[in-house]
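Report on one structure; see the data block that follows.
Numbering (my numbering), first residue to last: 1 to 168.
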């Protein structure tokens, strides 16, 4: 009787092992368009936020050309883009010119820039995750251009952007 139970147990194990191996190797469904857009949105803005927290504050006024935005203005411009996108996703109007003028009276500090960007991100991410719309693709392109400018700002100033540093 004991020998028969061992054989049945062995047979049961042989039946269970392949099914668990199949379950583990089943391919995962590819992400949806909406998931890719939301993930890319968050990744891009997290990288820009890391730069705002990291770029030397004494170089916030640096411009690649007198007619260009300073690094501080680039960070603030990205924040305005986040706020404008949030308004669009909510179906609200957004006065870009008034919002840009409002930045003139703000403190020229990292703390101010980072706090505003963090607030804009906190408002943006839930909407982007719950209702990513095609308009975000254009915004990703636009915000990506500013990210590229900021990377140049790092490199021209002899700095390495956070994303390019060796991982710890």
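Where is the CB? At the ideal position from N, CA and C, for every residue including glycine. What you are looking at is a predicted structure, and each value in this text was computed from that prediction instead of being measured.
query                                                                                                                        : result
Considering only the alpha carbon of each residue, which of 35, 123, 28 lies closest to residue 137?                         : 35
Between the region 58 to 78 and the region 146 to 166, are three or more C-beta pairs nearer than 8 Å?                       : yes
Can you tell me which of the three DSSP states residue 92 falls into?                                                        : coil
For a test of the three-state rule: what should DSSP assign to residue 35, helix, strand or coil?                            : helix
With residue 153 as the anchor, note down where its alpha helix (DSSP H) starts and where it stops.                          : 135 to 156
How would you call residue 96, buried or exposed, if buried means at least 16 neighbouring beta carbons within 10 angstroms? : exposed
Quick check on the burial criterion: 16 or more other C-beta atoms within 10 angstroms. Buried or exposed for residue 143?   : buried
Measure from the C-beta of residue 53 to each C-beta in chain C and report whether the shortest distance is under 8 Å.       : In summary, chain C is missing from the structure at hand, where a single protein chain is found.
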